[in-house]
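A.B. asks: The structure follows.
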Amino acid sequence: MNNILLLTKIFLKTSILRNISSSNQQNKKNMFKALGIILIVIYVAAIFGFLSYQMIEMLNEVNQASLFLGLWLLSTAVLILIQAIASSMNLFYFSKDIENILPLPIKPYQILVAKFNVLLLTEYFTVFMFTLIPFIIYGIVTGAGLLFYLYSVLILLVFPIIPALISCLLVMILMSFSKFTKNKDMFQIISMFLIIAFVIIVQIFTQNNTETSQEEMIQMLTQANGLVEMIEKYFITLKPAVDTLINYNSISGIVSFAELLLISIVIYILFIILSQKLYLKGAVGASISGKKSKSIKNEKGIYTDKKVWSSYLKKEMIMLFKNPIYFMQCVLPAFLLPIIFAIVFFAGSNSGLEELTKMAINPTIVFCVAIGINTFLISMIFISVTAISRDGENASFMKYIPVPIYKQIIYKCLPSIIISIVPIIFVIGIMCYLLNYYNILFIIYSFVISLLISILYSYITIIVDLKRPKLNWDTEYAVVKQNFNMIFCFAFSIAMIIIICLIGGVLGNMDLNIVAIISAVVLTFLIYLVYRYFKIKDSKLLDKIM
Amino acid sequence: MIEIKNVSKSYVKGKKSVDNLDLQIKNGEIFGFLGPNGAGKTTTIKMITGILNPDEGEILLDGKSITKSPMEAKKQFGYVPDNPDMFVRLKGIEYLNFIADIYKVPQDIRKDRIEQLAKKFEIYDDLGSTIQSYSHGMRQKLIVISVLLHNPKNWILDEPMTGLDPKASFQLKELMREHTKNGNTVFFSTHVLEVAEKLCDRVGIINRGKLIFVGTYEKLKEQFSEDGSLEELFLEITENE
Ligand SMILES: Nc1ncnc2c1ncn2[C@@H]1O[C@H](COP(=O)(O)OP(=O)(O)OP(=O)(O)O)[C@@H](O)[C@H]1O
Ligand SMILES: [Mg+2]
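Those protein sequence lines, which keep their order, are chains A and B.
Following my numbering from start to finish, the first sequence increments by one per residue and tops out at 688.
Following my numbering from start to finish, the second sequence increments by one per residue and tops out at 345.
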């Protein structure tokens, strides 16, 4: 038992808490961090709260409010399933700590339980964010008693166990085959693609439903309830959980909860017994990348020399594209988001589009819209904001090679700028097509200004990373996912979009040529300022790196 | 030639990790830097290579200050860090080419050197695979090769022997000897006393940031205990602080 607690603490520290209760005991910084996280949590919780409120109200009008519980719990389960697949893969297999733990005299089941505890704790965070407020709203709308809230909390603690277990088991079964595939990178990419595909499918479905009336909506929800009832047969904890909440006032509520608890415990124990062998088998193989060693004898032109900048850029690109985690987190959003954006536009309601077309008489407004969308997409590229952190312990390499630091920084800014060209062109293309607006000046201006914004974004976010690098990570995942610096990317995009809106509002009637040229001059000046800053500071830029 | 002039460095205020270090490594000399864990060896090397800025003092590489004219100074040395896990997603050959581009090594010279050194260290057949698939020793060898590509006048190596098999370690020592024969400088840190005895022209011993001995190995033996094993000698010196 002690071992388990100890391990849980260690894993928790190495995976999550490192970022929150950070090592450099500066309270002020931590306060800001905490504040930022709280704000995001409130924001997300508010969105879910609002969504669920509408559903509950609608269902309550036809006295079917209890349907909501099953639906929402099912969604929670799906959410946990997806999230736990991604995080259990990292937690169980790709975090470095396992290699240090394996040789210790600790029983496999203890490692397993400890890791699972950490997974569960992270899941609780999401679950509470996603479900607590909707349940409170449900309680208020249906006028439930105090006991209801107590049961809600208990259920939110017990209910996530089984979905999380299922994900773990799935991952473990897949990973035990890694002996045959032995190709960790490929495997990671495929599984991440599956998750993204799922998100896109959900996106399409929800998009088609925006224009439905209330009756249709209720009909749909009832239909969805049919789905819930069907799944209940297989997903055996769903029914007891719902029943507990519905019958919270009577004995049968307690019985249902006892049933839920019992099933969860039994399955938990079964899982631990079953997965012991499975886990260690996969875990040992996880750090092997199974390619045969390749000779360079028969390759031609391998020794050709390149300019420093092009060689440096090539190295940066390889490091980005060959690493599935970095690729998924930093590069892919740039390609994926325009596609989602296109889906939203094509499948979405036409009314917004019509309004836009009406406004389209004014080229300046269209220009501002294009720039605004591009700014948003550019700020989803997390290449520069992690450019230093991604190197981890290799970051000091920059300091001892005979290439001026400011030049290296610029080279490191290039990938973000180059990759941003894809969404920029894509968005401008879609806008032209949708609005049937093929104005060459509009296309050129939007492209140039978007590119300038992308350069500025890249320069500014790399300064953020220089000032607050995260170099001591144990999984590459942490560089992107547990990196507070991302907040600056959003800040940049929000500030930019506000400015663009102001321009659109104030200068909306001004000639497009003038607006574009003024923006170009201002942006170029700003970029030049940052460039001067790089050049003057030079080696001082890397003071945080040792 | 490496000149370290009264250099001090502290990570935490009040605790000097390197304390008023004064050292000169002459041309044609192999210099071994010894000391227990946490003595300040890596810190010293990081200051020589420009990764850390000294709080006080100055460091010159062939007369060029690493802080005042860093670009010139950085061209004068090749550095093998203590952790050889460099850019593991690159292929061996990609890494070597990258380094060669940075130091502007012409195509024909780079081809000769890479082939000759990679064959010598027996990793030529692995150059086409990613560094991730290399063993610790293979990574170490790759870094050593990359450092030799531009034939720097000063070699600075942080614990270069760790992880190398006896053969590779022998070859590395041979390379060091050859290098100094041509009037160049080798500066390396190590924990292996035999290496220091057999290879180094002079050794320096550092403990808790302070240099407590510089000189030839014979002088070291003379000055401290006459008889007794190397280990005893080392323990005596570092514990009498
Ligand atoms: N990044 C750092 N932050 C704070 N203190 C550090 C840091 N790096 C090293 N130190 C401290 O500086 C001192 C010297 O460390 P250094 O790494 O130079 O030792 P070393 O001689 O290379 O040891 P080893 O033989 O273990 O490699 C140690 O006391 C260490 O605690
Ligand atoms: Mg060291």
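Note that beta-carbon positions come from the ideal geometry of N, C-alpha and C, so glycine has one too.
Within the same chain, show all residues whose beta-carbon is closer than 6 Å to that of residue 595/A, passing over the 5 residues directly before and after it, in chain order.
C.D. replies: 517
A.B. asks: Inspect the beta-carbon positions of residue 210/A and residue 197/A and report whether they are closer than 8 Å.
C.D. replies: yes
A.B. asks: Who are the neighbours of residue 190/B on chain A, taking C-beta pairs under 8 Å?
C.D. replies: 536, 539
A.B. asks: Between which two residues does the beta strand (DSSP E) holding residue 578/A run?
C.D. replies: First-last for residue 578/A: undefined, no H or E at that position.
A.B. asks: Tell me, please, whether the CB atom of residue 670/A is closer than 8 Å to any CB atom in chain B?
C.D. replies: no
A.B. asks: Contact criterion: CB-CB distance below 8 Å. Does residue 461/A meet it with respect to chain B?
C.D. replies: yes
A.B. asks: Strictly below 7 Å CB to CB, what residues from chain B border residue 543/A?
C.D. replies: 178, 206
A.B. asks: Classify residue 270/B as buried or exposed, calling it buried when 16 or more other Cβ atoms lie within 10 Å of its own Cβ.
C.D. replies: Exposed, by the Cβ-count rule.
A.B. asks: Would you check if the distance between the CB atom of residue 113/B and the CB atom of residue 174/B is smaller than 8 Å?
C.D. replies: no
A.B. asks: Using only the alpha-carbon positions, how far apart do residue 315/B and residue 194/B sit?
C.D. replies: 39 Å
A.B. asks: Check whether chain A comes within 8 Å of residue 174/B, counting only Cβ atoms and requiring the distance to be less than that.
C.D. replies: Taking 8 Å as the CB threshold, residue 174/B lines the interface with chain A.
A.B. asks: Against chain B, with Cβ distances strictly below 8 Å, would residue 266/A count as a contact?
C.D. replies: no
A.B. asks: What does DSSP give as the partner residues of residue 164/B in its beta bridges?
C.D. replies: Note: residue 164/B sits in a beta bridge opposite 107/B, 169/B.
A.B. asks: Once DSSP output is grouped into helix, strand and coil, what is the label at residue 128/B?
C.D. replies: strand
A.B. asks: Which residues, in chain order, sit with a beta-carbon under 7 Å away from any heavy atom of ligand 4?
C.D. replies: This structure lacks ligand 4; its bound ligands are ligand 1 and ligand 2.
A.B. asks: Chain A partners of residue 211/B, CB-CB under 9 Å?
C.D. replies: Those are 445, 446, 447, listed as they occur along chain A.
A.B. asks: When every heavy atom of ligand 1 is checked, does at least one fall within less than 7 Å of the C-beta of residue 136/B?
C.D. replies: Distances between the C-beta of residue 136/B and the heavy atoms of ligand 1 are all 7 Å or more.
A.B. asks: Give a yes or no on whether 8 Å exceeds the smallest Cβ distance from residue 546/A to chain B.
C.D. replies: Interface criterion met: the Cβ of residue 546/A is under 8 Å from a Cβ in chain B.
A.B. asks: Taking a contact to mean a Cβ-Cβ separation below 8 Å, would you say residue 634/A touches residue 603/A in this structure?
C.D. replies: yes
A.B. asks: Buried or exposed: which applies to residue 249/A, given that a residue is buried once 16 or more other Cβ atoms fall within 10 Å of its Cβ?
C.D. replies: Exposed is the call here.
A.B. asks: To the nearest angstrom, how far is the alpha carbon of residue 151/A from that of residue 420/A?
C.D. replies: 23 Å
A.B. asks: If we call anything under 8 Å between Cβ atoms a contact, is residue 163/B one with residue 149/B?
C.D. replies: no
A.B. asks: Relative to the alpha-carbon of residue 136/B, which residue among 281/B, 327/B, 312/B has its alpha-carbon at the smallest distance?
C.D. replies: 281/B
A.B. asks: In chain A, what lies closer than 9 Å to residue 326/B by C-beta?
C.D. replies: The contacting residues do not exist; residue 326/B stays about 37 Å from chain A at best.
A.B. asks: Give me the Cβ distance between residue 255/B and residue 289/B, rounded to the nearest whole Å; I'm assuming they're in contact under 8 Å.
C.D. replies: Not quite, the Cβ-Cβ distance comes to about 13 Å (not below 8 Å), so this is no contact.
A.B. asks: Any chance the CB of residue 141/B is under 7 Å from a heavy atom of ligand 1?
C.D. replies: Residue 141/B has its Cβ nearer than 7 Å to a heavy atom of ligand 1.
A.B. asks: At which residues does the beta strand (DSSP E) containing residue 201/B begin and terminate?
C.D. replies: Not the beta strand (DSSP E): residue 201/B falls in the alpha helix (DSSP H), residues 196-206.
A.B. asks: Name, please, each residue of chain A whose Cβ falls closer than 7 Å to the Cβ of residue 198/B.
C.D. replies: 460
A.B. asks: Measure from the alpha carbon of residue 140/B to the alpha carbon of each residue in 322/B, 177/B, 311/B, 181/B, then state which is nearest.
C.D. replies: 311/B
A.B. asks: According to DSSP, is residue 183/B helix, strand or coil?
C.D. replies: strand
A.B. asks: Locate the alpha helix (DSSP H) running through residue 314/B, then write down its first and last residues.
C.D. replies: Boundaries around residue 314/B are those of the beta strand (DSSP E), 314-319, since no alpha helix (DSSP H) includes it.
A.B. asks: Would you kindly report the start and end of the unbroken alpha helix (DSSP H) that includes residue 148/A?
C.D. replies: 144-154
A.B. asks: Answer with buried or exposed for residue 382/A, where buried requires no fewer than 16 other C-beta atoms within 10 angstroms of its C-beta.
C.D. replies: It is buried - the Cβ of residue 382/A has at least 16 other Cβ atoms within 10 Å.
A.B. asks: Suppose contacts are defined by Cβ-Cβ distances below 8 Å. Is residue 607/A in contact with residue 529/A by that definition?
C.D. replies: Their beta carbons are under 8 Å apart, which means residue 607/A touches residue 529/A by this criterion.
A.B. asks: Would you please state the rounded distance, in angstroms, between the beta carbons of residue 288/A and residue 227/A? I believe it to be under 8 Å.
C.D. replies: Taking 8 Å as the upper bound for CB-CB distance, residue 288/A and residue 227/A are not in contact here, some 36 Å apart.
A.B. asks: For residue 368/A, name the three-state secondary structure that DSSP assigns.
C.D. replies: helix
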